[in-house]
Amino acid sequence: MKSIMKFIAPKQIVRLWIVLLLSGLSMVTFSTLSNAAALGDATGGGIVFFVDKTGEHGLIAARQDLPGHSAGINYDGFFTWKDAKKGCENLELNGFSDWFLPNKEQLNQLFAARVLVGGFGGSDYWSSTENGSKAAWGQYFLSGVQYSGTKTHVDRVRAIRSF
Numbered sequence: 001m002k003s004i005m006k007f008i009a010p011k012q013i014v015r016l017w018i019v020l021l022l023s024g025l026s027m028v029t030f031s032t033l034s035n036a037a038a039l040g041d042a043t044g045g046g047i048v049f050f051v052d053k054t055g056e057h058g059l060i061a062a063r064q065d066l067p068g069h070s071a072g073i074n075y076d077g078f079f080t081w082k083d084a085k086k087g088c089e090n091l092e093l094n095g096f097s098d099w100f101l102p103n104k105e106q107l108n109q110l111f112a113a114r115v116l117v118g119g120f121g122g123s124d125y126w127s128s129t130e131n132g133s134k135a136a137w138g139q140y141f142l143s144g145v146q147y148s149g150t151k152t153h154v155d156r157v158r159a160i161r162s163f
């Protein structure tokens, strides 16, 4: 390094150092801004409802409940647990196909952000968390109470994806 500096005048070294420093700072700032996600952002095919402490990862909820219904059910939007899980895994929405049924904790986070996300029916929603072989956890979206219900019971479904 010493031999290279012999050929560069001191003023040129200072100018080069300043240019490199400023270039590096602007790249860091740009990179940070481009990856930031905030609660309520409409991105990634839905609405951001959870962001981790780093700000780089989080969860996105579909804007609407899963369409359709389980066979033999006359009410649109209601699924057995098995059909709810399969429906989320097969969902292709807004250019994304990596949707899934939220687990019990993620569903509770979604409940906490329900006003921010919007579009929820005043009913029960399934989680992917099982409670034995014949039951799974759900949550009442009027009260926030989580419960264990039989997998043949029908509830609403809101798909989520991670980023």
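In the UniProt record's numbering, the protein residues as written are 1 to 163.
Here a beta-carbon is modelled for each residue, glycine too, at the ideal position from N, C-alpha and C.
Owing to the predicted nature of the structure, the values given are computational and were not obtained by experimental measurement.
Going by Cα to Cα distance, which pick from the options is closest to residue i?
i, options, result
"Asp98", "Glu105, Lys104, Asn90", "Asn90"
"Ala61", "Lys82, Tyr75, Leu116, Thr150", "Leu116"
"Trp126", "Lys82, Gly58, Tyr75", "Lys82"
"Val145", "Phe111, Asn131, Gly118, Arg156", "Phe111"
"residue 170", "Thr150, Ile160, Arg114, Cys88", "The requested residue 170 is not part of the displayed model; the chain covers only 1 to 163."
"Ile160", "Ala38, Ala36, Gln64, Lys53", "Gln64"
"Thr152", "Leu93, Asn108, His69, Lys53", "His69"
"Leu59", "Phe50, Gly72, Asn108", "Phe50"
"Leu93", "Gln109, Leu66, Arg156", "Leu66"
"Gly149", "Asn108, Thr80, Gln109", "Thr80"
Could you please give me the residues that DSSP links to residue i through a beta bridge?
i, result
"Phe50", "Leu59"
"Thr43", "Gly46"
"Leu93", "Phe96"
"Ser162", "Leu59"
With respect to the beta strand (DSSP E) encompassing residue i, which residues constitute its N-terminal and C-terminal limits?
i, result
"Gly149", "146-150"
"Trp99", "No beta strand (DSSP E) contains Trp99, which DSSP labels as neither H nor E."
"Ala136", "135-140"
"Asp124", "124-130"
What are the boundary residues of the alpha helix (DSSP H) that includes residue i?
i, result
"Arg156", "Premise fails: Arg156 is in no alpha helix (DSSP H) and is neither H nor E."
"Leu116", "114-117"
"Gly87", "81-89"
Flag residue i as yes when its Cβ comes closer than 7 Å to any non-hydrogen atom of the ligand NAD, and as no otherwise.
i, result
"Gly138", "In the structure shown, the ligand NAD is absent, as is every other ligand, since no ligand is present at all."
task = May I ask you to verify whether the stretch 100-108 touches the stretch 131-151, counting CB pairs closer than 8 Å and requiring at least 3?
result = yes
query = Touch check for the stretch 121-134 and the stretch 34-51: three-plus C-beta pairs under 8 Å?
reply = no
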